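J.: Chains as they are written, first to last, in my numbering: chain A, 12 to 283; chain B, 25 to 208.
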Amino acid sequence: MNCEERSELLLLYGAGALERQEGEALRRHLEGGCPRCAGSLAEAEALLAHLPLALEPQSPRARVREQLLSRLEGEISRPSRALRNDWFKAAIAAGLAASVTYMLVALPAAQRGERMEEQFAQQISELQERLASQAAEIDRLQIVAERAGHTAQALGSRNLQLVMLDSAGPQPGAWGRILWDRDRGAWHLFAHGLKSAGPGKTYELWFITAAEEKIPAGTFDVDHLGRATMLVNLPPGIGRIAVAAVTDEPAGGSPQPTGAIQLVGSVSDTAA
Amino acid sequence: MQRIAGRDTAAWSVLYDRYSALVFPLCLRILGDRTDAEELLADIFWTVWTEPARYDPARGSLLSYLLILTRSRGIDRLRSQRRHQTVAREAQQAGTASSQGGGQGDSPLAEALLAEQRSWIRQALGELQPEQRRAIELCFYEGLSHSEIAAKLGQPLGTVKGRIRNGLIHLRNAVRSFYTESAS
């Protein structure tokens with residue numbers, strides 16, 4: 012199993028859906044310090060933290076707050092925290108001194124080493140987790156920046172063509188545009204107003220040649236507002252493209268269209 | 025949280041007023057019993073007071089931290105109740121004081137973002153098939169594993185696994201899109 016496959020399992024792991032044995036294997040892998048999986052787990056936890064936001068806000072009874080506040084204030088009014096801290100510090104210092112003496116004198120060196128190793132491993136693991144989370148965020152932002160850069164580059168092309176995609180029926184409010192950067196042989200697809208393709212399904216873009224050959228151009232999913240962007244490099248020697256279309260297909264895409272046409276537009280042979 | 029670490033009860037009060045109405049529904053959803061839910065809520069906000077350093081801003085928002093902690097402790101309590109066969113499954117909704125103001129005292133921007141997040145997650149959940157949503161809820165709010173959910177729903181294990189997996193992947197893609205949109 013590779014880390015791509017683990018990323019889906021980590022969603023289930025984070026949700027607590029896995030059986031003990033399945034979870035154990037993942038836990039061991041995470042403990043091995045895999046940064047990618049640590050990032051996937053952080054993402055899964057962030058996702059799961061969103062789920063309760065769907066619940067209607069509801070206040071507890073006022074007495075809960077009152078009782079808690081009273082408990083808090085009671086805790087503060089006990090012997091001054093600073094004094095207690097001094098006492099604690101002294102106690103901890105004495106305890107630490109005794110522990111260090113014990114460790115130095117009584118514990119075998121190997122055991123001391125093991126303890127220190129465990130502490131370092133824990134600290135390293137925590138740092139790795141943070142780094143992985145930040146690396147995942149950087150990756151995501153890089154993708155956003157890269158897409159924006161490609162679009163800006165296309166808009167600066169001297170040989171730019173616009174292809175209008177209109178709804179083919181099933182989703183009347185849907186539409187799309189393709190910026191065809193002829194200098195670079197790239198299509199920038201922008202789709203709007205599409206519903207989620209649904210579980211186990213995705214949207215697929217097609218090049219349809221003048222000879223009515225249907226060539227898959229890539230799959231995409233829409234966001235919560237029904238929008239999607241995709242960059243497609245035209246295959247060399249594809250010939251004249253007469254039509255562009257979007258269909259819904261099983262997840263992963265199809266070699267030939269099987270679903271309903273959602274968006275369609277004719278492609279003229281001249282650049283603007 | 026720094027002020028709370030400095031034993032500032034006013035700061036704790038602000039935090040409680042801001043988040044308790046968002047955390048409490050989760051307590052209630054997991055435990056089903058109002059008194060149990062209030063005990064859990066008190067446990068969470070007591071932890072905020074006694075162990076403020078547990079919250080690490082690098083790992084996410086304070087609200088996310090509170091919700092993850094609540095879910096974890098709530099499921100622990102639920103499992104403990106199940107072990108003792110004293111689980112009470114009927115939520116006591118009577119006398120509930122409803123509040124729409126989950127973000128009182130927050131900045132207008134933060135409130136707007138929270139409202140958008142809540143609207144968006146509801147929409148994303150609404151896009152799931154009812155069976156998918158039910159399976160995910162059993163897993164998330166009741167802490168059941170694949171096999172326990174399959175037994176409870178009387179459905180094949182493979183079907184339940186597929187539903188939860190596909191549902192969570194759909195939600196994950198929705199999260200990514202939401203934040204990609206927010207960032208762009």
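Where a beta carbon is used, it is the ideal one built from N, C-alpha and C, also for glycine. Remember, predicted model here, so these are calculated numbers, not experimental data.
Around the C-beta of residue 18 of chain B, are 16 or more other C-beta atoms found within 10 angstroms, so that it is buried, or is it exposed?
T.: With chain B covering 25 to 208 only, the question about residue 18 of chain B has no answer from this structure.
J.: Between the Cα of residue 66 of chain B and those of A/33, A/74 and A/174, spot the shortest distance and give me the residue it belongs to.
T.: It is A/74.
J.: Where does the unbroken beta strand (DSSP E) through residue 38 of chain A begin, and where does it stop?
T.: Careful: residue 38 of chain A lies outside any beta strand (DSSP E), inside the alpha helix (DSSP H) at 31–42.
J.: Here's a check: name, in chain order, each residue in its chain whose Cβ is nearer than 6 Å to the Cβ of residue 250 of chain A, leaving out the five neighbours to either side.
T.: 220
J.: Out of curiosity, what's the CA-to-CA distance linking residue 134 of chain B and residue 18 of chain A?
T.: 30 Å
J.: Would you check if there are 3 or more beta carbon pairs closer than 8 Å linking the region 63–78 of chain A to the region 32–52 of chain B?
T.: Under the three-pair Cβ rule at 8 Å, the region 63–78 of chain A counts as touching the region 32–52 of chain B.
J.: Determine the direct distance from the alpha carbon of residue 33 of chain B to that of residue 85 of chain A, and round the result to whole angstroms.
T.: Distance between the alpha carbons of residue 85 of chain A and residue 33 of chain B is about 11 Å.
J.: Do three or more CB pairs link the region 21–38 of chain A to the region 160–172 of chain B at distances below 8 Å?
T.: yes
J.: With 16 other CB atoms within 10 Å as the buried threshold, where does residue 131 of chain A fall?
T.: exposed
J.: Just curious, the alpha helix (DSSP H) that residue 25 of chain A is in, first and last residue?
T.: Its alpha helix (DSSP H) spans residues 14–26.
J.: Please indicate yes or no: does the CB of residue 184 of chain A lie closer than 7 Å to some heavy atom of the ligand GTP?
T.: Judged by which ligands are present, the structure shown has none, so any question about the ligand GTP falls away.
J.: Can you give the beta carbon distance from residue 41 of chain A to residue 49 of chain A, rounded, assuming they're within the 8 Å contact cut?
T.: 6 Å
J.: Any Cβ of chain A within less than 8 Å of the Cβ of residue 27 of chain B?
T.: By this cut-off, residue 27 of chain B is not an interface position.
J.: Which residues in chain B have a C-beta closer than 9 Å to the C-beta of residue 141 of chain A? List them in chain order.
T.: 80, 82 and 83
J.: Quick one, which of B/142, B/146, B/145 and B/178 has its alpha-carbon nearest residue 159 of chain B's?
T.: B/178
J.: Output yes or no for whether 8 Å exceeds the beta carbon distance between residue 186 of chain A and residue 194 of chain A.
T.: no
J.: Excluding sequence positions up to five away, which residues of its chain have a Cβ less than 7 Å from the Cβ of residue 207 of chain A?
T.: Within the same chain, residue 207 of chain A has close Cβ partners 233.
J.: Put residue 57 of chain B into one of helix, strand or coil per three-state DSSP.
T.: coil
J.: Give a yes or no on contact between the region 87–105 of chain B and the region 158–171 of chain A, applying the rule of three or more CB pairs nearer than 8 Å.
T.: no
J.: Closer than 8 Å, CB to CB, is residue 33 of chain B near chain A or not?
T.: yes
J.: Where in the region 58–110 of chain B do unbroken runs of the alpha helix (DSSP H), each at least 4 residues long, occur, reported from the N-terminal end onward?
T.: You should have 58–74 and 86–107.
J.: Nearest by alpha-carbon distance to residue 186 of chain B: which of B/200, B/171 and B/199 is it?
T.: B/171
J.: In this structure, what does DSSP give as the bridge partners for residue 225 of chain A?
T.: Bridge partners of residue 225 of chain A: A/219.
J.: So what's residue 261 of chain A in DSSP terms, helix, strand or just coil?
T.: strand
J.: Would you tell me roughly how many angstroms separate the C-alpha atoms of residue 284 of chain A and residue 36 of chain A, rounded to the nearest one?
T.: Since the displayed chain A opens at 12 and closes at 283, residue 284 of chain A lies outside it and no answer follows.
J.: Measuring CA to CA, which of A/261, A/202, A/248 and A/170 is closest to residue 212 of chain A?
T.: The shortest Cα separation from residue 212 of chain A among A/261, A/202, A/248 and A/170 belongs to A/261.
J.: With 8 Å as the threshold, decide whether the Cβ of residue 196 of chain A is near any Cβ in chain B.
T.: It does not; no Cβ of chain B falls within 8 Å.
J.: Closer than 8 Å by C-beta to residue 157 of chain B: which residues in its own chain qualify, once you throw out the five before and the five after it? Chain order, please.
T.: In its chain, beyond the 5 residues on either side, 149 and 191 have a beta carbon closer than 8 Å to the beta carbon of residue 157 of chain B.
J.: Using a Cβ-Cβ distance cut-off of 8 Å, determine whether residue 68 of chain B contacts chain A.
T.: no
J.: For residue 87 of chain B and residue 81 of chain B, I'd like the C-alpha separation in whole angstroms.
T.: 11 Å
J.: Looking at C-alpha atoms only, which residue of A/202, A/138, A/253 and A/181 is the closest neighbour of residue 218 of chain A?
T.: A/253
J.: Nearest chain A C-beta to residue 175 of chain B closer than 8 Å, yes or no?
T.: no
J.: Just to make sure I have the definition right: I need the residues of chain B whose C-beta is within less than 8 Å of the C-beta of residue 280 of chain A. Which are they?
T.: Simply none; closest approach about 33 Å.
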